[in-house]
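Those letters in the sequence shown? Residues 291 to 901, per this note's numbering, in order. The block underneath contains the structure these notes are about, expressed in structure tokens.
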Amino acid sequence: TVNHFHFNNAPMGTLKAKAGWGDTPYFLALDAAITDKDRGHTSLIKGGFNIGSKEIPDGLDLKINTKGFNLAFMNFFTKDILEDVNGQATGYCRIFGSFKNIDLEGDLAIDHASMKLPMLGTKYHLRQDSVHLRPGVISIEAMISDDTATPIAHPFRKDSNTPNDIPHTARLYGRLMHENFKNLHYNFDIQACRLLGYDFKDFGESSFYATCIATGDIEVKGGPGRLNVNINAIPEAGTVFTYNVSTPEALTEANFITFNDATPLFQSDSLARAQSAHIPPISSDLFINFNLQVTPAVRMRLLMDRKSGDMIEIMGRGRIMANFHNKGRFNIYGTYSVQEGSYKLSLQDIIRRDFKFRPGGTITFGGNAMKADLNLQAVYSVNGVSLDDLTTKSLGFSKTKVDCIMNLTGRPEQPQITFDFDLPNATEDENQMIRSIVSTEEERNIQAIYLLSLGRFYNFDSGEGFKSNEAMNSIVSNTISTQLNQFIENAVGSSKWSIGANLKTGDDGWRNMDVEGLLSGKLLDDRLLITGNFGYREKYYTQRSFISDVSVEYLLTKNGTISLKAYNQANDRYFVQSSLNTQGIGIQFKKDFNHIPDLFQWLIPRKKTEK
């Protein structure tokens, strides 16, 4: 009787064995049982050992019928591939061969099992699946799940032809080949449904990290010291890819290591052995090939500046192909079309603004991610901007929302950034006059910087610049707007609503003052756009003190080409003062074109494609 019996450091329970010389010389017969009531394990073992025979090599031949056998014994054999193998299996297994060349045969059902793949940063679970043991080959047909899945309640059905549709699971077919448990090689095919396939949360010594949840086909094959993963899949929601653009180029090359002669350090054998015992083993090679159909559910992040935290985060579409070697480079190919995203930009560590990317921008990859071609445009909206700041005299312009536009071109290693601005809610007359005042690219860049910093325009004709009270008004208004928007985002859990505030005193202190608030938001899957401008102002040219401008627009087409728009606009402006309000409703058509025929191309019927 052996209490606390272990096999390859795996606890098995209590072993009770009867051993004696068998019918033939040099054969030690064994009749044993292993039980572990706590784990529900029972194994019956019959067979024996050949010992000391000159004709028959030393070895063993054991037939095992087991229920709940501890699979942790496999850690001894799979330490180069897997970690923390645990679980139980039930079935028949025969262990035979010489002591140096052990092999297996039999059929087992996995009650439950779990294992970690350190190269992928993932952990998987198996339940009620089959393992076929043949000399030199272990075949597995299983349904696996990641840590986020609900435990699988039903066994794997080999006769099912329907694709796997259980979230966070995958069907696995594969074989583990070995030469008496030496020189292990494996080849597994995985049909995944929203399976966690890669998961690292920080850069470590790499230039990127990612969490990848995918649906598609995955091939995993390799052997000692090498793992090849081929992924042909569609990334799902929850996938995040982060690339460190600020990583020095030298760190991605293999020639930054300098070798020195270490002979003087090893003058004695004892010192050499002591030193070599602390030298870590060379890590295995990991090769991953991606063929991905990226959707807006995937977030791609580019860390532009690690110190300031400037980061681009975008969502879009595109066919992306990439390959990664953990001891080499990461290469990526394809065109990525941006649909939405943000750029957390800091200017001289003082001004921090969150820009929103406009749809239609592209990133074209041609290998090195640092040399990708950028063609992006992002917008930061400033609410409650007075257009009167552009002139020396007050013209009665309304306060409106101004979009600060950032054009991002060039390459990630040397991005080129230019600024512009747009007045989305201003009238056509106001737009024309503003463009005549701010006509050059340099002036537009300066105005955008002032809008980002103080939330108002700069008057080039005034030699005094901003007065202290005007700067204070801008700072107070921006602070109020930022706090209100943060409160709404935290309360509602969405950033689709924006509130702006503007407070401005007149030349006589609290007389002739302006108090305005701006509201903008999106509903119904971002197809219903609402903007409003409400306020109170005391000006000699206004016909009333209370101002209320409301615009409601519904996108009849998803891309916004055709929309239905209704508005109410207060006539307190310089150009129109004949009535208090102007209302309107109508259908709006917008289309970009380079040539006149392009504008009407959608009216020409397309020819039917022949099969």
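Positions of the beta carbon are idealized from the N, C-alpha and C atoms, including for glycine.
### Task
Would you identify the three-state DSSP class for Pro887, choosing helix, strand or coil?
Start at 1 with the first residue of the sequence shown, and residue 887 comes out as number 597. Looking at Pro887 - three-state DSSP - the assignment turns out to be helix.
### Query
His458: buried (16+ other C-beta within 10 angstroms of its C-beta) or exposed?
Locating residue 458 in the sequence shown gives position 168, where the first residue counts as 1. So His458 ends up on the buried side.
### Query
Do the CB positions of Phe498 and Tyr476 come within less than 8 Å of each other?
Taking the sequence shown and counting its residues from 1, one reaches residue 498 at position 208. Taking the sequence shown and counting its residues from 1, one reaches residue 476 at position 186. Result no, Cβ atoms of Phe498 and Tyr476 do not sit closer than 8 Å.
### Message
Comparing C-alpha positions only, which one of Val675, Asn721, Thr708, Glu733 sits nearest to Leu744?
### Response
Taking the sequence shown and counting its residues from 1, one reaches residue 744 at position 454. Here the closest residue by C-alpha is Val675.
### Query
Under the three-state reduction of DSSP, which class applies to Met742: helix, strand or coil?
As a position in the sequence shown, residue 742 is number 452, starting the count at 1. The sequence as given places Leu at residue 742; Met does not occur at that position. Looking at Leu742 - three-state DSSP - the assignment turns out to be helix.
### Task
Kindly indicate the opening and closing residues of the beta strand (DSSP E) around Glu703.
Counting from 1 along the sequence shown, the entry for residue 703 is found at position 413. No beta strand (DSSP E) contains Glu703, which DSSP labels as neither H nor E.
### Task
Mark His568 as exposed unless 16 or more other C-beta atoms lie within 10 angstroms of its C-beta, in which case mark it buried.
Taking the first residue of the sequence shown as 1, we reach residue 568 at position 278. Reliability of the predicted coordinates at His568 is poor, the pLDDT of 35 falling under 50, and no value is obtained from them.
### Query
Taking just the CA atoms, how far does Asp393 sit from Val530?
In the sequence shown, the residue the question calls residue 530 occupies position 240. In the sequence shown, the residue the question calls residue 393 occupies position 103. Roughly 43 Å between the two C-alpha positions.
### Query
Buried or exposed: which applies to Pro691, given that a residue is buried once 16 or more other Cβ atoms fall within 10 Å of its Cβ?
In the sequence shown, the residue the question calls residue 691 occupies position 401. Pro is not the amino acid found at residue 691; the sequence shown has Lys there. Burial of Lys691 is indicated by the presence of at least 16 other C-beta atoms within 10 angstroms of its C-beta.
### Task
Sort Ile739, Gly608, Asn613, Gly850 by Cα distance to Ile653 and report the nearest one.
On the sequence shown, residue 653 is found 363 positions in, with the first residue counted as 1. Checked all of Ile739, Gly608, Asn613, Gly850; the closest Cα to Ile653 is Gly608.
#### Entry: Unbroken beta strand (DSSP E) run spanning Glu469, endpoints
Within the sequence shown, the letter at position 179 stands for residue 469. Segment: none, Glu469 is in no beta strand (DSSP E) and carries neither H nor E.
### Query
Among Met605, Phe471, Ala738, which has the Cα closest to the Cα of Pro649?
Position 359 of the sequence shown, counting from 1, holds the residue named residue 649. Per the Cα distances, Met605.
### Query
What is the DSSP secondary structure of Glu731, reduced to helix, strand or coil?
Counting from 1 along the sequence shown, the entry for residue 731 is found at position 441. Glu731 falls in the helix class under three-state DSSP.
### Task
Run the CB neighbour count on Leu889, radius 10 Å, all protein chains shown included, and call it buried at 16 or more, exposed below.
As a first step, residue 889 is located in the sequence shown; it is residue number 599 there, counting from the start. Under this definition Leu889 is an exposed residue.
### Message
Here's a check: name, in chain order, each residue in its chain whose Cβ is nearer than 6 Å to the Cβ of Leu372, leaving out the five neighbours to either side.
### Response
Here residue 372 corresponds to residue number 82 of the sequence shown, with the count starting at 1. Excluding residues within five positions, the ones whose Cβ falls inside 6 Å are Met405.
### Task
Report yes if the C-beta distance between Thr708 and Asn735 is below 8 Å; otherwise report no.
Taking the sequence shown and counting its residues from 1, the one referred to as residue 708 is at position 418. Taking the sequence shown and counting its residues from 1, the one referred to as residue 735 is at position 445. It is a contact, given that the beta carbons lie within the stated cut-off.
### Query
Nearest CA to the CA of Asn298: which residue from Ile503, Glu733, Gln583, Asn365?
On the sequence shown, residue 298 is found 8 positions in, with the first residue counted as 1. Of the candidates Ile503, Glu733, Gln583, Asn365, the one whose C-alpha sits nearest the C-alpha of Asn298 is Asn365.
### Task
With a threshold of 16 other CB atoms inside 10 Å of the CB of Thr505, please say whether the residue is buried or exposed.
Here residue 505 refers to the residue found at position 215 when the sequence shown is read from its first residue. Buried: at least 16 other Cβ atoms inside 10 Å.
### Task
Please confirm if Val669 has its CB atom under 8 Å from at least one CB of chain D.
Structure shown: chain D not included; a single protein chain is present.
### Query
Residue range of the alpha helix (DSSP H) that Phe366 falls in?
Position 76 of the sequence shown holds residue 366. Its alpha helix (DSSP H) spans residues 365–368.
### Query
Would the beta-carbon of Ala527 fall within 8 Å of that of Ala612?
Residue 527 sits at position 237 when you count from the first residue of the sequence shown. Residue 612 sits at position 322 when you count from the first residue of the sequence shown. Their beta carbons are not under 8 Å apart, which means Ala527 does not touch Ala612 by this criterion.
### Task
Please work out which residues of its chain come closer than 7 Å, Cβ to Cβ, to Phe471, disregarding the five sequence neighbours upstream and downstream, and give them in chain order.
As a working mapping, residue 471 is identified with position 181 in the sequence shown. Phe367, Ile392, listed in sequence order.
#### Entry: Identity of the residue in Glu495, Tyr488, Pro425, Met433 nearest His963 by Cα
No statement about residue 963 is possible, as the shown extent of the chain runs from 291 to 901 and does not include it.
### Message
If I measure Cβ to Cβ from Gly657 and keep anything under 8 Å in the same chain, skipping five residues before and after, which residues do I get?
### Response
By one-based count along the sequence shown, residue 657 stands at place 367. Around Gly657: Asn621, Ile622, Tyr623.
### Reference Gly411, options Met433, Asp437, Arg417, closest by Cα
For the purposes of this step, residue 411 is identified with residue 121 of the sequence shown, where counting begins at 1. With distances taken between CA atoms, Gly411 lies nearest to Asp437 out of Met433, Asp437, Arg417.
### Task
Would you mind working out which of Thr314, Phe645, Asp710, Tyr857 sits nearest Ser343, comparing C-alpha positions?
Your numbering for residue 343 matches position 53 in the sequence shown. It is Thr314 whose Cα lies nearest to the Cα of Ser343.
### Query
Buried or exposed: where does Val292 fall if 16 or more other Cβ atoms within 10 Å of its Cβ makes it buried?
Taking the sequence shown and counting its residues from 1, one reaches residue 292 at position 2. Exposed, since its Cβ has fewer than 16 Cβ neighbours within 10 Å.
### Query
Can you check whether the CB of Ser853 is closer than 8 Å to the CB of Leu846?
The residue you call residue 846 lines up with position 556 of the sequence shown. The residue you call residue 853 lines up with position 563 of the sequence shown. Cβ atoms of Leu846 and Ser853: closer than 8 Å.
### Query
For Glu509, which beta-bridge partners are listed by DSSP?
Your numbering for residue 509 matches position 219 in the sequence shown. Per DSSP, Asp479, Asn520.
### Message
Just verifying my parser: in three-state terms, what is the DSSP assignment at Ala307?
### Response
Taking the sequence shown and counting its residues from 1, one reaches residue 307 at position 17. Ala307: strand per DSSP, three-state reduction.
### Query
So what does DSSP say about Ser404, is it helix, strand or coil?
As a first step, residue 404 is located in the sequence shown; it is residue number 114 there, counting from the start. Residue state, collapsed to three classes: strand.
### Task
Measure the Cβ-Cβ separation of Leu352 and Ile324 and say whether it is below 8 Å.
Translated into positions along the sequence shown, residue 352 becomes position 62. Translated into positions along the sequence shown, residue 324 becomes position 34. The answer is no: Cβ separation not under 8 Å.
### Task
Would you mind reading off the limits of the beta strand (DSSP E) that contains Ser429?
Reading the sequence shown from its first residue, position 139 is the one you call residue 429. Taken as a continuous stretch (DSSP letters only), the beta strand (DSSP E) holding Ser429 covers 427–436.
### Rounded C-alpha distance that separates Gly377 from Val421
Locating residue 377 in the sequence shown gives position 87, counting from the first residue. Locating residue 421 in the sequence shown gives position 131, counting from the first residue. Those two C-alpha atoms are separated by around 13 Å.
### Query
Can you give the Cα-Cα distance for Lys855 and Phe879, rounded to whole angstroms?
Against the sequence shown, residue 855 aligns to sequence position 565. Against the sequence shown, residue 879 aligns to sequence position 589. Cα to Cα, the separation comes out at about 10 Å.
### Message
Less than 8 Å between the beta carbons of Ala307 and Ala322, yes or no?
### Response
Position 17 of the sequence shown, counted from the first residue, corresponds to residue 307. Position 32 of the sequence shown, counted from the first residue, corresponds to residue 322. The beta carbons of Ala307 and Ala322 sit closer together than 8 Å.
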